[in-house]
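Undergrad: Going down the list, the protein sequences come from chains C and F.
Numbered per this note's numbering, the first sequence spans residues 1 to 358.
Numbered per this note's numbering, the second sequence spans residues 1001 to 1358.
Number of protein chains: 2
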Amino acid sequence: MANSNKLKDSFKKTTYKLSQHGPRNASVLKEAFEAVDGDLESDIYGDGAVIENFQDKIAAFLGKETAVFFPSGTMAQQAALRIWADEKGNKKIAYHPLSHLEIHEQNALKELQSMEPLLLGTAERLLTMDDIRNLSEPVSCILIELPQREIGGQLPSFAELEEISAYCRNNGIRLHLDGARLWEVTPYYQKSEKEICALFDSVYVSFYKGLGGIAGAILAGGEDFTAEAKIWKRRYGGDLISLYPYIVSADYYFDKRIGKMGEYYEAAKDLAHRFNACDGVRTVPEVPVSNMFHVYFEKSAEAIEPILAKIHAETGVGCSGYLQEKPGGACGFELSVGDAVAEIPVASLDQVFEKLGE
Amino acid sequence: MANSNKLKDSFKKTTYKLSQHGPRNASVLKEAFEAVDGDLESDIYGDGAVIENFQDKIAAFLGKETAVFFPSGTMAQQAALRIWADEKGNKKIAYHPLSHLEIHEQNALKELQSMEPLLLGTAERLLTMDDIRNLSEPVSCILIELPQREIGGQLPSFAELEEISAYCRNNGIRLHLDGARLWEVTPYYQKSEKEICALFDSVYVSFYKGLGGIAGAILAGGEDFTAEAKIWKRRYGGDLISLYPYIVSADYYFDKRIGKMGEYYEAAKDLAHRFNACDGVRTVPEVPVSNMFHVYFEKSAEAIEPILAKIHAETGVGCSGYLQEKPGGACGFELSVGDAVAEIPVASLDQVFEKLGE
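(1) For the pair the stretch 1284-1294 of chain F and the stretch 253-272 of chain C, tell me if three or more CB-CB distances fall below 8 Å.
(2) Taking the alpha helix (DSSP H) that F/Y1244 falls in, what are its first and last residues?
(3) Does the stretch 29-45 of chain C come close enough to the stretch 183-191 of chain C to have 3 or more Cβ pairs within less than 8 Å?
(4) Using a threshold of 9 Å, state whether the C-beta atoms of C/G73 and C/P97 are closer than that.
(5) Compare the C-beta of C/K8 against all C-beta atoms of chain F and say whether one is closer than 9 Å.
(6) Pick from F/F1061, F/G1022, F/L1018: whose alpha carbon is nearest that of F/I1218?
(7) Can you list, in chain order, the residues of its chain whose CB lies under 6 Å from that of C/T15, leaving out five sequence neighbours each side?
(8) In angstroms, rounded to a whole number, what distance separates the CA positions of F/A1108 and C/M75?
(9) Please decide whether F/A1223 counts as near chain C, where near means a Cβ-Cβ distance under 9 Å.
(10) So what does DSSP say about F/F1070, is it helix, strand or coil?
(11) Could you pull the start and end residues of the alpha helix (DSSP H) that C/K326 belongs to?
(12) Run the CB neighbour count on F/A1159, radius 10 Å, all protein chains shown included, and call it buried at 16 or more, exposed below.
(13) Give me the residue from C/A227, C/P138, C/P147 with the minimum Cα distance to C/R125.
(14) Name the DSSP bridge partner or partners of F/C1331?
(15) Would you mind telling me which residues of chain F sit closer than 8 Å to C/K30, beta carbon to beta carbon, in chain order?
(16) Tell me, please, whether the CB atom of F/R1274 is closer than 9 Å to any CB atom in chain C?
(17) Please identify, using Cβ separations under 7 Å, the residues of the stretch 1070-1085 of chain F that lie next to chain C, in order along the chain.
(18) Using three-state DSSP, classify C/V139 as helix, strand or coil.
(19) Any contact between the stretch 81-89 of chain C and the stretch 134-145 of chain C? By contact I mean 3 or more CB pairs, one from each, below 8 Å.
(20) Looking at C-alpha atoms only, which residue of C/P117, C/I103, C/S99 is the closest neighbour of C/G153?
(21) What residues from chain C crowd round F/I1241, counting only those whose CB sits closer than 7 Å?
(22) When DSSP labels each residue in this structure, what does C/E116 get in the three-state scheme?
(23) Among residues of its own chain, excluding the 5 on either side of C/I132, which ones have a beta-carbon nearer than 7 Å to its beta-carbon?
(24) Is the separation between the beta-carbon of F/G1221 and that of F/S1206 shorter than 9 Å?
(25) So, using beta-carbon positions, are C/E362 and F/G1321 closer together than 9 Å?
(26) List, in order along the chain, the chain C residues whose C-beta lies closer than 7 Å to that of F/E1145?
(27) For a test of the three-state rule: what should DSSP assign to C/A2, helix, strand or coil?
(28) Per DSSP, F/R1174 forms a beta bridge with which residues?
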């Protein structure tokens, strides 16, 4: 990333941002704890009202029997896959080539779990029912990420998901949902979290992406599954004496933002439309299906960085703090809409796209 | 544990406590963040001033090159042992039969790491230089816990530690310190943390036991070691986007209490002396070598629980919320001295031991 510090600095100095909910700083924690009584008892190694109530609340919301709070999705999903692998006595599982487990976890599934992941389909597109049907070997579990983040947050149709779910059930394959951004896809599907989760045997959801909490994840499923998950949480060193800093803030931002996903989705579609109206700029997907999409420029990062930095300085609106080089001399960045976009004055936003159009 | 809810309830209702620093509740977090500016930027996946500065501070304090903040000691120590096992190409490591890794981690070393732990010595006593000399097979690493918590917080002499350290260096064995309660043993050894850590290749310390933070651990060692540790932290799902709730509080309570370990140690010796003066009561060790010890009663939990519950109600001083059955119809509990003991009015404390003496 050429000149990335210059771009990063210009982004940091902007008053407004296209992405996210605002700065990730201590005020996120302070706001969540402001109304919390100091007498609120800590959870203790997974027990206590603060963790149990939240687990019950999210389990009910997702329509699952039980749920376990984890410090991270990385830990939660490795646990889930191992549980299903053990159940079937088969260490082979399958997922998209750009799954978080494949590209962001330092090969943990192999190094820690001796699992054998098979890759479904190809990196640049969604995995399909056909990819699953054509699997060369039996797998214990398939993981599907909704939306598939690394390709701009794309989604299969709900009908295809239903088909995949039925196929897995008929063929003794467990289906796990990487729902890192599950909340964010309900407006597009016009389905509740419950309706989506009903297609999966186990579900991971996150509290710091669309919801804007500090960190933390929930793994939900049947009673036997979560009992096993608690053992794996202990093994991974995730069964902390106190997880309440994450739980209390997850709960606070869940209540604050769970009803705003439609608003973020509409704003994402509007922004993508504006980007696509600029010469040499396009978004993936062209029409977003969640609050996120990727923005691609036909030119290199070196060419685009000064343009973005200038827009940052002149409009006070931050588009991105980085640009990633792409094949063919192109570049791009990821955009996830949250509370921040609504704070941008209309005139400033118009100015951004006028300048980008030039 | 017979009647344990009655004892637990009577303990909870007491105004004062022999153990710890006070209740584990949200005020612990609120106190730590009170003076923190809301603009303080979060760490992001292990980077940023808030995590890097604290890692540097603790590395320097322990006299190690570098340090990594982990959410838990469980995760940190499994990472450490794996790194040394990989270095030596030998999955055999050795530790005390009551090591945390052996009894509190759901067999994680075997299930996650395929490691082969050898047990040094026997459960009821400290491991010794002789146990190490008599190891039946070569090991890559030996883990020593100072103090050995499960036997009341006992310590080898510093001279024996030096001998073990020299032996390991001469025999190509890495020596890892489980320093969950390292801060607490410096007054007895009359050595600094640096002097103790100099005997070990890698060191884990905790921030919620003697120091009373919320959770969190540091793993310290050479540069190559901590670079590897960061990879394992990612694999374990411990590389959270934000660990600052634990880091800020760890730093706050480190500064607040690191100078008070001598005070806790003296109070522990005084309390143990008072327990030992009561008929049918003894402590292990008889004279504490840190802020902790175990209290044993000659009679069963069933016999002792009503006595303790009565003392709780009559004196307002909590001794313990539980009693663990011990062999031979005895029972006992663990006591770790912190800030709480200094708040007990002298007359109330005297009353506790008068009643216990009866």
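Backbone N, C-alpha and C define an ideal beta-carbon position, used for all residues, glycine too.
TA: If we stick to the structure as given:
(1) no
(2) 1244-1257
(3) no
(4) no
(5) no
(6) F/F1061
(7) G316
(8) 14 Å
(9) Per the sequence shown, residue 1223 of chain F should be read as Glu rather than Ala. For F/E1223, the answer is no, since every Cβ of chain C falls outside 9 Å of its Cβ.
(10) strand
(11) Taken as a continuous stretch (DSSP letters only), C/K326 belongs to no alpha helix (DSSP H), being part of the beta strand (DSSP E) at 324-326.
(12) exposed
(13) C/P147
(14) F/F1297, F/E1325
(15) F1033, V1036, G1038
(16) no
(17) P1071, S1072, T1074, M1075, Q1078
(18) coil
(19) yes
(20) C/S99
(21) Y208, A215
(22) strand
(23) L120, I142, I164, Y167
(24) no
(25) Chain C is shown from 1 up to 358; residue 362 of chain C falls before or after that span and cannot be answered.
(26) None at all; the shortest Cβ gap to chain C is about 16 Å.
(27) Annotation note: pLDDT 48 at C/A2 (below 50); position unreliable, coordinate value reported separately. C/A2: coil per DSSP, three-state reduction.
(28) F/C1141
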